[in-house]
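Asks: The working numbering applies: residue 637 is where the sequence shown begins, and numbers increase by one.
Note that the Cβ used here is the ideal one computed from N, Cα and C, for glycine as well.
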Amino acid sequence: MTVSLDQLRRCHFAVDLGAARTRVYVKGAGLVVDQPSAAAMNTRTGSLIAVGELAEKMTGRTPAYIRVVRPVSGGTVVDIEMAQRMLRHLLGEKLRRSLRRKPRLRAAACTPHDADPLAQRAAVETLVGLGARRVELVDTLVAAAVGCGLPVEQPEASMIMVCGAAATQIAVLSLGNIVTAERVPVGGEAVDRAIVQHLRHEHALMLPSQSVRPLQLALSGNGLTPHGPSSTEIQGRDVATGLARSVLVDTAAVRDAIQTPLTAVLDGIGKVLRDCPPDLVADLADRGIMMVGGSALLPGLDQMLRQATGMPVHIADRPDICAVQGLGAMLEGRIQPLTLNPLAA
């Protein structure tokens with residue numbers, strides 16, 4: 637693991653700063669914040685107008701002097717000051733006051749597997765600005781594996797795929813550590829862009845950002861497989877005239893557009909399996925792949941991976957909060973490390 641479990645048990649709260657959503661777990665209280673990573677700011681005065689759900693609803697609907705910003709991109713904090721302001725408002729005065737009473741306040745945070753020192757420092761600085769005296773960093777892959785109940789501490793292979801908004805991380809874990817991992821810069825946002833580009837090129841329709849998810853839901857049921865609904869109606873703005881227009885979209889063509897970014901995910905899975913020791917790959921043939929993250933709920937994605945790899949594919953019960961739940965389990969001391977007694981010489 638990135639840090640020892642003893643150090644994590646001393647932490648008072650944990651934060652999962654994601655590109656799509658921010659989640660905060662407080663020791664003894666559980667998950668207290670689960671909101672979009674968005675903040676609406678008045679550019680004239682510099683004051684915050686809204687954070688979380690309300691700021692997300694404002695996206696694309698604000699006058700010129702109000703700007704909706706996202707301080708986290710690809711799992712990395714890109715605007716430390718705005719991330720601190722957003723977290724302060726999401727936590728609320730009452731919760732922040734109770735945390736400030738803790739002597740030597742400690743925090744834990746998730747970081748992507750291949751996060752460089754600058755990205756790690758940005759995560760630390762963000763929580764230090766909230767009053768934390770010490771910040772422990774935990775690999776997102778390990779935290780998510782613990783959160784979905786995989787036996788990461790055992791000498792057996794566990795394969796996890798964290799499907800985020802900006803990237804997909806794939807790893808094989810054993811004995812509490814990552815054996816091999818790969819980060820693919822394709823996530824839920826890439827799928828959204830593929831749908832938007834398809835509608836612009838094929839139907840000359842500009843799609844509002846809020847309408848991408850309903851179109852994905854229209855693929856639900858059998859999702860990416862050919863057995864889903866044949867067509868669905870979608871509303872947008874005509875590219876030429878600028879007028880509102882609705883078109884009947886062929887879902888089979890949308891599925892083809894989605895396949896292109898998802899091919900990179902399949903390549904990442906193949907690379908991880910090629911780099912993995914044969915004994916661990918043999919374990920995975922029975923155990924399969926565990927999918928977590930918000931984009932794991934993309935309709936039919938698990939079926940596509942099952943057909944492409946020939947391995948069992950499972951989706952966690954609550955895939956979107958597995959990482960922060962794993963951090964919470966470490967904070968509460970619910971994870972027991974495998975004890976190895978050194979052999980006498």
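Quick one, which of 705, 805, 877 has its alpha-carbon nearest residue 781's?
Replies: Of the candidates 705, 805, 877, the one whose C-alpha sits nearest the C-alpha of residue 781 is 805.
Asks: Of the choices 816, 753, 674, whose alpha-carbon is the least far from that of residue 914?
Replies: Here the closest residue by C-alpha is 816.
Asks: Measure the alpha-carbon distance for residue 961 versus residue 667 and round it to whole angstroms.
Replies: Each residue's alpha carbon lies about 8 angstroms from the other.
Asks: In terms of residue numbering, what span does the alpha helix (DSSP H) encompassing residue 938 cover?
Replies: Here the alpha helix (DSSP H) through residue 938 covers 937 to 945.
Asks: Could you give the DSSP three-state label for residue 664: helix, strand or coil?
Replies: Residue state, collapsed to three classes: coil.
Asks: Closer than 6 angstroms by C-beta to residue 651: which residues in its own chain qualify, once you throw out the five before and the five after it? Chain order, please.
Replies: The residues are 660, 745.
Asks: Within 10 angstroms of the Cβ of residue 638, are there 16 or more other Cβ atoms? Answer buried if so, exposed if not.
Replies: Bear in mind that the predicted position of residue 638 carries a pLDDT of just 46, short of 50, making it unreliable; the figure below should be weighed with that in mind. Buried.
Asks: Does DSSP put residue 958 in a helix, in a strand, or in coil?
Replies: Correct three-state label for residue 958: helix.
Asks: Any idea what DSSP makes of residue 749, helix, strand or coil?
Replies: Three-state DSSP puts residue 749 in coil, outside helix and strand.
Asks: So residue 675 packs on residue 802, CB below 8 angstroms; how close in whole Å?
Replies: The Cβ separation is near 18 angstroms, so there is no contact.
Asks: Which value, in whole angstroms, describes the spacing of the CA atoms of residue 872 and residue 821?
Replies: The alpha-carbon atoms of residue 872 and residue 821 are separated by roughly 28 angstroms.
Asks: If the criterion is Cβ atoms closer than 9 angstroms, does the pair residue 924 and residue 948 meet it?
Replies: Cβ distance < 9 angstroms, so residue 924 and residue 948 count as in contact.
Asks: Alpha carbons only, please: which of 771, 940, 809, 908 is nearest the one belonging to residue 740?
Replies: Residue 740 has its Cα closest to that of 771, out of 771, 940, 809, 908.
Asks: Can you find the residues in the same chain that come closer than 7 angstroms, C-beta to C-beta, to residue 713, ignoring five residues on each side of it along the sequence?
Replies: Cβ within range, chain order: 653, 707, 719, 758, 759, 762.
Asks: Quick one: Cα of residue 931 to Cα of residue 798, how far?
Replies: In a straight line, the C-alpha of residue 931 is about 8 angstroms away from that of residue 798.
Asks: Between which two residues does the alpha helix (DSSP H) harbouring residue 922 extend?
Replies: Per DSSP, residue 922 belongs to the alpha helix (DSSP H) from 914 to 923.
Asks: Using C-beta distances below 8 angstroms, list every residue in its chain close to residue 786, excluding the 5 sequence neighbours before and after it, in chain order.
Replies: The residues are 794, 796, 809, 926.
Asks: With the cut-off set at 9 angstroms, would you say residue 959 and residue 783 are in Cβ contact?
Replies: Against a cut-off of 9 angstroms, the Cβ pair of residue 783 and residue 959 comes out as a contact.
Asks: Excluding the 5 residues flanking residue 950 on each side, which residues of the same chain have their C-beta closer than 8 angstroms to its C-beta?
Replies: Within the same chain, residue 950 has close Cβ partners 924, 925, 926, 927, 938.
Asks: Report all residues from its chain with a CB closer than 7 angstroms to the CB of residue 897; omit the five preceding and five following residues, and keep chain order.
Replies: Hits under 7 angstroms: 822, 826, 827, 830.
Asks: For a quick check, are the C-beta atoms of residue 842 and residue 645 less than 9 angstroms apart?
Replies: Against a cut-off of 9 angstroms, the Cβ pair of residue 645 and residue 842 comes out as no contact.
Asks: Starting from the N-terminal side, write out each stretch of the alpha helix (DSSP H) that is 4 residues or longer and does not extend beyond the segment 720 to 744.
Replies: Whole alpha helix (DSSP H) segments, 4+ residues: 729 to 736.
Asks: Applying the 10 Å Cβ sphere with the 16-neighbour rule, what's the burial state of residue 981?
Replies: With a pLDDT of 45 at residue 981, under the threshold of 50, the predicted position of this residue should be treated as unreliable, though the coordinate-derived value follows. So residue 981 ends up on the exposed side.
Asks: Taking the straight line between their C-alpha atoms, what separation do you get for residue 874 and residue 917?
Replies: Approximately 50 angstroms, taken between the alpha carbons.
Asks: From residue 944 to residue 903, what distance separates their C-alpha atoms?
Replies: So the alpha carbons of these two residues sit roughly 10 angstroms apart.
Asks: For the putative contact between residue 769 and residue 736, defined by C-beta atoms under 8 angstroms, what is the C-beta separation to the nearest angstrom?
Replies: 11 angstroms between Cβ atoms; not a contact.
Asks: Specify the secondary structure class of residue 870 as computed by DSSP and reduced to three states.
Replies: Of the three classes helix, strand and coil, the one that applies to residue 870 here is strand, per DSSP.
Asks: Beta carbon of residue 648, beta carbon of residue 684: below 9 angstroms?
Replies: Going by C-beta atoms, residue 648 is not nearer than 9 angstroms to residue 684.
Asks: Kindly list the residues whose CB is nearer than 6 angstroms to the CB of residue 811, restricted to its own chain and excluding five residues on each side of it in sequence; keep chain order.
Replies: Closer than 6 angstroms at Cβ, skipping near neighbours: 791.
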